[in-house]
Amino acid sequence: MYSPLLVQPMRDELVSIGFQELRTAEDVEAFMADKSGSALLMVNSVCGCAAGQARPGVRAALEADVKPDRLATVFAGQDVEAAAKARSYFADIPPSSPSIALFNQGELVYFLPRHRIENRSADEVAADLTQAFARDLAAPVS
Amino acid sequence: MGTFHQGRSELHGITVVVETVGGDLYVGRCDDEDDRTVILLDADMHRHSDEVSREDYLERAARFGVWNRLPRVELARPDVTSIRRLGEFEASGAG
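Protein chains in written order, with the numbering used here: chain G, 737 to 878; chain A, 6 to 100.
Printed below as a string of structure tokens:
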């Protein structure tokens, strides 16, 4: 496990743009229990593509007009129980980190796995997320 | 701020699709590759004879990734016919 000192700036990067950090399984349960509106849950990680593409991509995407109502993050490999609980809300998708899950009224409507982050620029990640926000959050869940 | 891995191949840390001489596919995170071996971590495999077609397997993998069924796979380079990034494969809707 990486030193907390090394990881803290990676946590702070998301908290500084409005993410709620979920450190325990109970934190995740409480966040997910609120099914009103929309929510983005990011599985953060220490890897280079989280630093270079995922976190900057999310930051850029959140400047869009349509964006999730609530933002939260768990840290894979650090807050192990919280990450496992978060993944239980999209249990049929193989775990990867970083990854980003988008919920509307409690329903998973979009998922961006690591392999669609690691190959791409932050701008491309942002474009994917912005499209997903516009497509999946504008209309009510059927 | 991220972490760095010096001295590894260009594909280190990237999720790749490795095709082998017999038609079997491996999908996993490339740890390293050179002219002798390809090493994958957290990988999955699709056999040529599997009931699920190769196309369906790859479509699903491109969309969501793969389950870690093979923690470490070391393939002899002569058995490998191609290595491509999984992100290059088209996912029919990423959501």
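Beta carbons: idealized from backbone N, C-alpha and C, even for Gly.
Along chain G, which residues have their Cβ under 7 Å away from the Cβ of residue i?
i: residue 90/A; result: 855
Taking the alpha carbon of residue i as the reference point, which residue from the options has its own alpha carbon closest?
i: residue 42/A; options: 96/A, 88/A and 92/A; result: 88/A
i: residue 782/G; options: 835/G, 862/G, 857/G and 855/G; result: 835/G
i: residue 863/G; options: 797/G, 755/G, 767/G and 757/G; result: 797/G
i: residue 29/A; options: 70/A, 94/A, 60/A and 76/A; result: 60/A
i: residue 47/A; options: 21/A, 13/A, 74/A and 65/A; result: 74/A
i: residue 815/G; options: 751/G, 757/G, 742/G and 874/G; result: 757/G
i: residue 40/A; options: 72/A, 86/A and 94/A; result: 86/A
i: residue 784/G; options: 17/A, 44/A and 96/A; result: 17/A
i: residue 737/G; options: 812/G, 786/G, 755/G and 799/G; result: 812/G
i: residue 775/G; options: 867/G, 860/G, 788/G and 804/G; result: 804/G
i: residue 32/A; options: 830/G, 809/G and 746/G; result: 830/G
i: residue 843/G; options: 761/G, 833/G, 767/G and 825/G; result: 825/G
i: residue 713/G; options: 870/G, 823/G, 839/G and 871/G; result: Residue numbering for chain G in the displayed model covers 737 to 878; residue 713/G lies beyond these limits and cannot be assessed.
Which term fits residue i, buried or exposed, when burial requires 16 or more other beta carbons within 10 angstroms of its beta carbon?
i: residue 778/G; result: buried
i: residue 793/G; result: buried
i: residue 749/G; result: buried
i: residue 846/G; result: buried
i: residue 92/A; result: buried
i: residue 740/G; result: exposed
i: residue 764/G; result: buried
i: residue 693/G; result: No statement about residue 693/G is possible, as the shown extent of chain G runs from 737 to 878 and does not include it.
i: residue 854/G; result: buried
i: residue 866/G; result: buried
i: residue 699/G; result: Residue 699/G lies beyond the residue range present for chain G, which begins at 737 and ends at 878; the question has no answer from this structure.
i: residue 49/A; result: buried
i: residue 66/A; result: buried
i: residue 861/G; result: buried
i: residue 868/G; result: buried
How would you list, in chain order, the residues of chain G whose beta-carbon sits under 9 Å from the beta-carbon of residue i?
i: residue 70/A; result: 829, 830, 831, 832, 835, 849, 850, 851 and 852
Could you check the C-alpha separation between residue i and residue j for me, to the nearest Å?
i: residue 99/A; j: residue 744/G; result: Its pLDDT being 44, under 50, residue 99/A is placed unreliably by the model, and the measurement read from it follows with that caveat. Spanning the two alpha carbons is a distance of roughly 30 Å.
i: residue 53/A; j: residue 68/A; result: 21 Å
i: residue 801/G; j: residue 780/G; result: 24 Å
i: residue 15/A; j: residue 850/G; result: 17 Å
i: residue 818/G; j: residue 37/A; result: 30 Å
i: residue 852/G; j: residue 791/G; result: 14 Å
i: residue 63/A; j: residue 45/A; result: 17 Å
i: residue 7/A; j: residue 76/A; result: Here the model assigns residue 7/A a pLDDT of 44, short of 50, so the residue's position is not dependable and the matter cannot be decided.
i: residue 755/G; j: residue 55/A; result: 43 Å
i: residue 827/G; j: residue 742/G; result: 29 Å
i: residue 837/G; j: residue 71/A; result: 16 Å
i: residue 21/A; j: residue 809/G; result: 26 Å
i: residue 859/G; j: residue 773/G; result: 26 Å
i: residue 806/G; j: residue 84/A; result: 48 Å
i: residue 787/G; j: residue 857/G; result: 11 Å
i: residue 871/G; j: residue 840/G; result: 11 Å
i: residue 753/G; j: residue 94/A; result: 32 Å
i: residue 747/G; j: residue 766/G; result: 20 Å
i: residue 795/G; j: residue 832/G; result: 20 Å
Less than 8 Å between CB atoms is the rule here; does residue i satisfy it with respect to chain C?
i: residue 24/A; result: Protein chains G and A are contained in the structure displayed, whereas chain C is not.
At least three beta-carbon pairs within less than 8 Å, the stretch 73-87 of chain A to the stretch 12-28 of chain A
yes
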